[in-house]
Amino acid sequence: MSSQEQDGGQTDRQKYEFRKVIEELEDYRGSGTQLVSIYVPEDTLISDVVAHVTQEHSEASNIKSKETRTNVQDALKSIKDRLRYYDNEPPENGMVLFSGAIDTGGGRSDMITRVLESPPDPIQSFRYHCDSEFLTEPLEGMLADKGLFGLIVLDRREANVGWLKGKRVEPVKSASSLVPGKQRKGGQSAQRFARLRLEAIDNFYQEVAGMANDLFVPERHDLDGILVGGPSPTKDEFLDGDYLHHELQDMVLGKFDVAYTDESGLHDLVDAAEDVLAEHEILQDKQVMEEFFSELHDGKKATYGFDQTRQNLNMGSVEQLLISEDLRKDVATYDCPNGHTEYELLDRNAETPEITCETCGEEVDLEKREDAIEHLMELAGQRGTETVFVSTDFEKGEQLLTAFGGIAGILRYSTGV
Ligand code: ZN
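Residue numbering for the sequence shown follows our numbering, beginning at 138 and increasing consecutively.
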């Protein structure tokens with residue numbers, strides 16, 4: 138559908154690892170305004186970040202509460218220590234640093250520091266944030282399912298076109314019209330005035346369409362849809378008049394009432410289209426689950442559950458690995474002295490059991506315990522299998538988690554496993 142599918146397994150895995158850290162950070166609270174988050178764009182010099190942190194450290198001496206003051210200064214010191222590991226340039230796409238004393242219950246706290254390098258999208262601007270929670274929203278936006286949408290807002294005076302990339306609105310081009318107002322000047326015949334006005338409107342719609350075509354047509358194969366906004370009847374006239382390139386016209390997901398047609402109108406358009414965009418976001422998930430169920434009932438190219446899916450993955454027979462976004466499990470790997478390997482799927486907080494080898498009955502040794510999704514994605518990456526994270530926000534997505542253990546696959550060919 139969109140470009141994200143071509144990114145391959147490494148990016149999926151990296152995103153998953155990011156999401157795990159973000160979920161961890163989201164839950165933390167500080168007893169005071171003492172959790173520091175710093176967003177560093179790629180083109181900011183580390184020395185400037187260090188200078189900023191030093192400045193904040195000295196200003197923190199004004200904080201009245203001794204506990205908060207000490208905690209903030211400790212956090213800043215920890216961040217400065219981390220920054221020493223870098224040359225003067227941040228990694229690609231920038232980095233985010235989090236540090237602070239988090240509540241661990243019973244009046245105790247624990248100092249943690251996390252550094253996320255090279256997020257999926259570039260950090261847009263430097264941000265220093267000190268609060269009782271970590272600032273994670275900008276990163277969450279990057280991890281949301283990516284879509285690429287074309288945006289057009291227009292009335293008869295002004296138009297703006299731009300992109301919606303993930304959650305980010307990017308204005309690109311604007312135009313304003315020479316359409317005369319409704320009041321005609323003295324001496325002009327009413328008929329002639331009306332005709333000139335209609336001509337001017339038509340010219341303006343053509344200009345707006347030309348602007349949109351130039352921007353969107355070259356990207357049409359990556360586009361997930363086009364949203365059009367404006368007051369009535371402008372947007373209706375524009376769409377009904379088939380001004381847009383016919384392929385773009387077919388991609389219009391909807392038209393929306395938007396009061397402003399300047400750059401802020403592009404943001405209003407995205408807000409107004411919220412439901413349509415939410416529906417679109419789970420469209421791919423819905424399609425993949427439909428395919429899974431149809432293979433399960435009528436075909437032979439479905440697999441589910443940890444053991445079966447793992448075996449199929451290992452054979453390289455899985456086309457798409459389906460993982461529930463809400464799967465929270467670990468995998469324990471055991472080695473048998475006779476060369477066999479055993480795997481156990483475990484709840485996150487369950488103890489690692491002692492088991493015997495299913496093949497030969499020998500006692501086995503725990504080799505490692507790891508996140509189940511990382512375990513499966515690693516295998517998928519080695520076998521050229523695409524991983525699809527499936528939302529639980531629709532019925533069949535919920536079923537993947539509850540009825541199939543959150544793990545399934547669509548096979549390249551039937552394997553009988
Ligand atoms: Zn064995």
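Ideal placement from N, C-alpha and C gives every residue a C-beta, glycine not left out.
Because the structure is a prediction, the values reported are computed rather than measured.
Spatial neighbours of residue i in its chain, beta-carbon cut-off 8 Å, leaving aside the 5 residues before and after
{"i": "G543", "result": "I460, S461, D463, L464, K466 and L537"}
{"i": "D379", "result": "Q386"}
{"i": "I216", "result": "V173, I175, V190, L234, S236 and T250"}
{"i": "K152", "result": "P257 and L280"}
{"i": "N475", "result": "C494, T496, C497 and E499"}
{"i": "V389", "result": "G362, I363, L364, V365, L376 and L381"}
{"i": "P516", "result": "Looking at the sequence provided, one finds Leu at residue 516 rather than Pro. Correct list, in chain order: R447, L450, N451 and T522."}
Any non-hydrogen atom of ligand 1 closer than 6 Å to residue i Cβ
{"i": "C494", "result": "yes"}
{"i": "E499", "result": "yes"}
{"i": "N475", "result": "yes"}
Cβ shell of residue i (< 7 Å), same chain only, five flanking positions each side left out
{"i": "K505", "result": "T470"}
{"i": "P308", "result": "N297, G299, E400 and L403"}
{"i": "V554", "result": "T440, Q445, Q448 and N449"}
{"i": "R166", "result": "I239, D240, S269 and E270"}
{"i": "G145", "result": "Because the pLDDT at G145 is just 40, under 50, the model does not fix this residue reliably, and the point stays unresolved."}
{"i": "L315", "result": "A337"}
{"i": "E432", "result": "K438, A439 and I547"}
For residue i, three-class secondary structure by DSSP
{"i": "F443", "result": "helix"}
{"i": "A469", "result": "strand"}
{"i": "Y550", "result": "coil"}
{"i": "K438", "result": "coil"}
{"i": "I239", "result": "strand"}
{"i": "V306", "result": "strand"}
{"i": "I289", "result": "strand"}
{"i": "D361", "result": "coil"}
{"i": "K157", "result": "helix"}
{"i": "V265", "result": "Here the sequence assigns Tyr to residue 265, which means Val is not the residue at that position. Reduced to three states, the DSSP call for Y265 is strand."}
{"i": "K214", "result": "helix"}
{"i": "G146", "result": "Confidence is the limiting factor: at G146 the pLDDT is only 42, short of 50, which leaves the residue's position unreliable and the question unanswerable from this model."}
{"i": "E535", "result": "helix"}
{"i": "E495", "result": "coil"}
{"i": "R219", "result": "helix"}
{"i": "V252", "result": "strand"}
{"i": "V501", "result": "coil"}
{"i": "N134", "result": "Outside the shown range of the chain, which is 138 to 554, sits residue 134, and nothing can be said about it."}
{"i": "S461", "result": "strand"}
{"i": "V395", "result": "coil"}
{"i": "I116", "result": "No answer is possible for residue 116: the residues shown for the chain start at 138 and end at 554."}
{"i": "A540", "result": "helix"}
{"i": "V177", "result": "strand"}
{"i": "S246", "result": "strand"}
{"i": "G169", "result": "coil"}
{"i": "Y342", "result": "helix"}
Selected residue, minimal CA-CA separation from residue i, among the options
{"i": "F430", "options": "I216, T205, I547 and R264", "result": "I547"}
{"i": "K319", "options": "A312, S313 and A331", "result": "A331"}
{"i": "P317", "options": "E336, V468, L364 and G303", "result": "E336"}
{"i": "A312", "options": "T493, G324, R294 and L301", "result": "R294"}
{"i": "V413", "options": "T493, H358 and G362", "result": "G362"}
{"i": "D164", "options": "E274, Y265 and V177", "result": "E274"}
{"i": "L213", "options": "V407, L172 and Q151", "result": "L172"}
{"i": "L291", "options": "F341, S174, I183 and L516", "result": "F341"}
{"i": "L420", "options": "G284, V395 and L458", "result": "G284"}
{"i": "H512", "options": "T529, V525 and Y480", "result": "Y480"}
{"i": "Y222", "options": "V187, E491, Q192 and I492", "result": "V187"}
{"i": "R264", "options": "D185, K304, L301 and E432", "result": "D185"}
{"i": "D351", "options": "P368, S369 and I289", "result": "I289"}
{"i": "G521", "options": "F531, D502 and R549", "result": "R549"}
{"i": "V395", "options": "K372, L360, E416 and A415", "result": "K372"}
{"i": "E416", "options": "E161, F531, S202 and E160", "result": "F531"}
{"i": "C473", "options": "A487, N451, D502 and T489", "result": "D502"}
{"i": "Y397", "options": "E384, E491, G367 and D422", "result": "G367"}
Nonlocal neighbours in the same chain, by C-beta distance under 6 Å from residue i, ignoring five residues either side
{"i": "S551", "result": "K437 and K438"}
{"i": "A540", "result": "none"}
{"i": "V233", "result": "Y176 and L253"}
{"i": "Q147", "result": "Below a pLDDT of 50, predicted positions are generally treated as unreliable, and Q147, at 46, falls in that range; no measurement from the model is reported."}
{"i": "E344", "result": "A312"}
{"i": "K533", "result": "M426"}
{"i": "H266", "result": "S174 and L272"}
{"i": "G442", "result": "G542"}
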